[in-house]
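These notes concern the structure reproduced below.
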Amino acid sequence: MHGYTILLEYKEQLLKGALVTLELALSGLVVSLIFGILACLGSMHKNPWLRLPAIAYTTLVRGVPDLIQLFLIYYGGQYLLNALTTRLGWPHIDIDPLYTGIFVIGFVMGAYMAESFRGGFLAIPKGQIEAARAYGFPRRTIFWRISWPQMLRYSLPSLGNNWLVLMKNTALVSIIGLQDIVRIANAAARTAQKKDLYAGFWFYGAMAGYFLLLTTLSIAILWWLRRRYSVGFEVQGQ
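For the sequence shown, UniProt numbering assigns the number 238 to the last residue and increments by one with no breaks.
And the structure:
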């Protein structure tokens with residue numbers, strides 16, 4: 001049996017899994033950007049009550065493997081939550097793997113996004129900020145009209161790399177039962193192997209091709225964004 005014939009038999013399941021993976025990646029990106037910008041602003045704040053927790057967050061999260069954090073939040077969090085509900089006499093609660101995956105990926109990658117944002121802010125020439133203050137610009141205007149646009153330009157390459165890592169990290173969430181393309185392709189490969197000994201190759205190859213397609217599209221979009229935010233500046237490598 002030809003490989004494409006086997007893949008066509010499972011096309012609906014694979015398409016559904018592909019959409020779940022895309023939803024997981026995009027939602028995780030939004031969450032990571034929120035965590036990232038908050039942690040970045042906190043780590044650069046003069047108030048130690050804001051700065052120290054932000055630094056602790058980025059340090060601890062980057063020091064623990066992603067898979068362990070996934071297990072800790074999904075299994076450990078569910079255990080603690082249901083221990084609490086049992087004491088209160090409430091019914092058992094099952095945590096949705098999709099929402100857990102979105103939160104964990106966003107939480108973990110937010111620490112890396114924070115460092116990317118921080119590097120972008122630090123790359124802005126201090127003379128520009130001092131000149132804006134000398135002209136009497138309000139702090140809000142300085143942030144949104146001077147600091148923020150330049151921060152995006154400086155941090156975009158690093159943010160793009162983080163997005164590519166985030167996208168590939170979605171494969172980890174299949175371990176906790178999420179029906180994404182990884183889990184569906186793996187289950188389909190085991191079932192179809194009874195018909196074709198090379199079924200695993202076809203399904204895993206299709207899965208790899210899907211991630212490669214997402215990566216290629218992402219690189220193209222990032223290249224466009226880099227040119228967009230580099231208007232008026234020399235872009236290295238061009």
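Note that beta-carbon positions come from the ideal geometry of N, C-alpha and C, so glycine has one too.
Are the CB atoms of residue 110 and residue 218 within a distance shorter than 8 Å? Here residue 218 refers to the residue found at position 218 of the sequence shown. Here residue 110 refers to the residue found at position 110 of the sequence shown. Cβ distance not < 8 Å, so residue 218 and residue 110 don't count as in contact.
Buried or exposed: where does residue 235 fall if 16 or more other Cβ atoms within 10 Å of its Cβ makes it buried? Locating residue 235 in the sequence shown gives position 235, counting from the first residue. For residue 235, the predicted structure reports a pLDDT of 49, less than 50, and the residue's modelled location is therefore unreliable. A value from the coordinates is still provided. Exposed is the call here.
CB of residue 151 within 8 Å of CB of residue 117, strictly: Taking the first residue of the sequence shown as position 1, residue 151 is located at position 151. Taking the first residue of the sequence shown as position 1, residue 117 is located at position 117. In contact: residue 151 and residue 117 (Cβ atoms closer than 8 Å).
Since residue 122 and residue 229 are thought to touch, with beta carbons under 8 Å apart, how far apart are those beta carbons, to the nearest angstrom? Residue numbering aside, residue 122 sits at position 122 when the sequence shown is read from its first letter. Residue numbering aside, residue 229 sits at position 229 when the sequence shown is read from its first letter. With 8 Å as the limit, residue 122 and residue 229 do not qualify as a contact, their Cβ atoms being about 17 Å apart.
Starting from the C-beta of residue 237, find all residues in its chain whose C-beta is less than 6 Å away, skip the five residues before and the five after it, and write them out in chain order. By 1-based counting over the sequence shown, the position of residue 237 is 237. With a pLDDT of 43 at residue 237, under the threshold of 50, the predicted position of this residue should be treated as unreliable, though the coordinate-derived value follows. Correct list: empty, nothing qualifies.
Can you tell me whether residue 49 is buried or exposed, with buried defined as 16 or more other CB within 10 angstroms of its CB? Against the sequence shown, residue 49 aligns to sequence position 49. Classification of residue 49: exposed, given that the 10 Å Cβ count is below 16.
From residue 148 to residue 135, what distance separates their C-alpha atoms? As a first step, residue 148 must be located in the sequence shown, where it is residue number 148. As a first step, residue 135 must be located in the sequence shown, where it is residue number 135. Roughly 18 Å separates the two Cα atoms.
Taking the beta carbon of residue 58 as the centre, do at least 16 other beta carbons fall within 10 Å, making it buried, or is it exposed? Residue 58 sits at position 58 when you count from the first residue of the sequence shown. Answer is buried; the Cβ neighbour count reaches 16.
For residue 124, I'd like the list of residues in its chain whose CB is within less than 8 Å of its CB, leaving aside the five on either flank, ordered along the chain. Mapped onto the sequence shown, residue 124 falls at position 124. Contacts found: 146, 147, 150, 151, 154.
Please state whether DSSP places residue 66 in a helix, a strand or coil. Counting from 1 along the sequence shown, the entry for residue 66 is found at position 66. Reduced to three states, the DSSP call for residue 66 is helix.
Three-state secondary structure (DSSP) of residue 28: Position 28 of the sequence shown holds residue 28. Here residue 28 sits in helix by DSSP.
Going by Cα to Cα distance, which pick from 34, 114, 36, 186 is closest to residue 13? Reading the sequence shown from its first residue, position 13 is the one you call residue 13. Of the listed residues, the one whose Cα sits closest to residue 13 is 186.
Inter-stretch contact at 8 Å, needing at least 3 Cβ pairs: the region 76-84 / the region 4-24: no
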